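Residue numbering for the sequence shown follows my numbering, beginning at 862 and increasing consecutively.
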Amino acid sequence: MFHKQHKYAAFRNTTSYVIYVFFFSLLFPCMILIFRLIDFHELLHLQMRIIPNDKTTFCVDVDKFVSMNSQNFTIPSISIIFVPFFSMQKRNNDNLIVNTSDLLNLTIDSWMEAFPHAKLFIVNNHNNDDTKYLNSINVPFDIFPDVETDEVGLFYVDDLFLKISDFIQTDLVLFIMQDSILPKNINNKVNFLYNYFLSTKRQFAVLGKRCDIVPPTQTDKNEKGIKNEKEIKIEKEIKNEKEIKNDKGIKNEKDSFLSFYDELKEKLINEDKLRTVNYVVNPEFSNDFILFSLKPQELNFNDIPRFLFGMYQWDTWIPGWMNEQIPVVSLGDSCGSYHLHHSKDFKYHNKMHENLEKSLVHGEKMMIASHLALKIDNGCLLNGTKCIVRINGNF
């Protein structure tokens, strides 16, 4: 009897040993699986910081792939803010057939075509040469509250953004340079991004790829007086101003300028075609606009250095700073804005170094649209090359 009990006890011990071994053999892979699930959950729902290159970082909620229908979109309200600033007019040295009042109306018209229900605000800098052109603007506008300026009248960009957050009540804000044209399809892309980030409860910002346009001139000649191949190609794309006449049959420089833009607007309908036009170049040093949502407010505009408007650096530093805290999205590889190339007449050359010094002190955060990891193209929000959100509908 004792022998049988001992035999069964040995059997039970062996069985327990096997069970223990089996249990512990499963425990390790189960723990790995649990940790992987936790990591996956964090990827879906927690903020993830990615470094696309050595100089910049961006923040984005990496969500599971979703699909959105444009028919269900909420249309956001938007305020457009710009500063009338001396940029160009006809001069004898380069014969640009452009003047500021024509430029303002043409660029503003493109903004209002892109965002038909937008509220237009003008930052009225009283030391500005272009305030006299305000009466020629042909759409309704309001004057933005006074922005703090330095001793010569250049206003501080940080105070502008602080007043935007306090004064503007719309869902979105578009701060744009006065000499920039917007393509119509920007509206669809912005609505898409607004609805997506509204669902994720994130503040976001948008940049567009800047394309420079060289306007027609009265003399397309090089120093030797001989037209080069590029200038000949330009003449094939635009009408020569000598051939343009107004209704009375009189040659008119303004009509030439308007005709150039009428033709340009037609080309804006087909961006792929426009990208082949020889007078379009893609600069790598500036942004024509910064569009951003106001709620939920994750940005603290008090952190913006005391940059001076009209000087360099601030328009790339601020998007870089935003990109470290909120999702900043490029409108894609197509042109997101069209800047009329011109020569600048700076009154205050001695001020130009100030913005550079401030950007160096506060860290180099330069950012343009082509450097962003997040972009919207072909009806998809891309993180690098990966589509994380697709839109269903007319886009």
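Yeah, the Cβ is synthetic: ideal placement off N, Cα and C, and Gly gets one too. Here the structure is a predicted model, which means the values were calculated and not measured.
Query, Result
"Start and end residues, beta strand (DSSP E) containing V1051", "Here V1051 belongs to no beta strand (DSSP E); instead the alpha helix (DSSP H) covers 1047–1061."
"Contacts around V1018, its chain only, beta-carbon distance under 6 Å, and the 5 residues preceding and following it disregarded", "F1168, F1170, W1175"
"Endpoints, the beta strand (DSSP E) within which V1034 is located", "1033–1037"
"Pairwise C-alpha distance: F1028 and M1227", "27 Å"
"Distance between E1185 and P1301 (C-alpha atoms, nearest Å)", "With the chain covering only 862 through 1256, there is no way to say anything about residue 1301."
"Best match in E1215, V1067, G1240 for proximity to H1232 [C-alpha to C-alpha]", "V1067"
"Separation of P1044 from F1002, as counted between CA atoms", "21 Å"
"Environment of K1236 [buried if 16+ CB atoms lie within 10 Å]", "buried"
"Inter-residue spacing [alpha-carbon to alpha-carbon] between N1239 and F1053", "12 Å"
"Three-state secondary structure assigned by DSSP to N1216", "helix"
"Contact under 8 Å by Cβ, L1201 with A1230", "no"
"Close Cβ partners of E1009 (< 6 Å) along its chain, the five nearest in sequence each way excluded", "Y1017, D1020"
"Neighbourhood of F1162 by C-beta distance below 7 Å, restricted to the same chain and skipping five residues each side", "D1019, F1022, L1023, S1026"
"Cβ-Cβ separation, Q1064 to E1215 (assumed contact under 8 Å), whole Å", "That pair is no contact at about 29 Å."
"The alpha helix (DSSP H) enclosing V1018, as first and last residue numbers", "1018–1028"
"C-alpha distance - F1036 paired with N1048, whole-angstrom precision", "15 Å"
"Continuous beta strand (DSSP E) stretch holding N1163: start and end", "First-last for N1163: undefined, no H or E at that position."
"Given K1274 as reference, the closest of G1224, M1213, D1040, C1196 once Cα atoms are compared", "The question about residue 1274 has no answer here: the residues shown for the chain are numbered 862 through 1256."
"Within 8 Å, strictly: CB atoms of S811 and N966", "Nothing in the structure corresponds to residue 811, since the chain is present only between 862 and 1256."
"Limits of the unbroken beta strand (DSSP E) element including I1179", "Unbroken run through I1179 is the alpha helix (DSSP H), 1175–1184; no beta strand (DSSP E)."
"When N1046, W1182, I1249 are compared against S971, the one with the closest alpha-carbon", "N1046"
"Distance CB(S1147)-CB(I1042) smaller than 8 Å", "no"
"L995 vs P937 beta-carbon contact at 8 Å", "no"
"Identity of the residue in G1181, F943, T1061 nearest E1225 by Cα", "G1181"
"C-beta contact flag for P1166 and F1058 at 8 Å", "no"
"Assigned exposure category for Q1039 - 16 Cβ within 10 Å defines buried", "buried"
"Rounded distance between the beta-carbons of T1177 and N1056, thought under 8 Å", "Not really, about 28 Å apart at Cβ, beyond 8 Å."
"Own chain, CB closer than 8 Å to K1156, minus 5 neighbours either side, in chain order", "D1032, Q1064"
"Per-residue DSSP class, three states only, for T1010", "strand"
"Cross-strand partners of D1238 (DSSP beta bridge)", "C1241"
"Where D1073 falls: helix, strand or coil (DSSP)", "strand"
"Outcome for G1069 when other beta-carbon atoms lying within 10 angstroms are tallied against a minimum of 16", "buried"
"With 16 other Cβ atoms within 10 Å as the buried cut-off, status of V1250", "buried"
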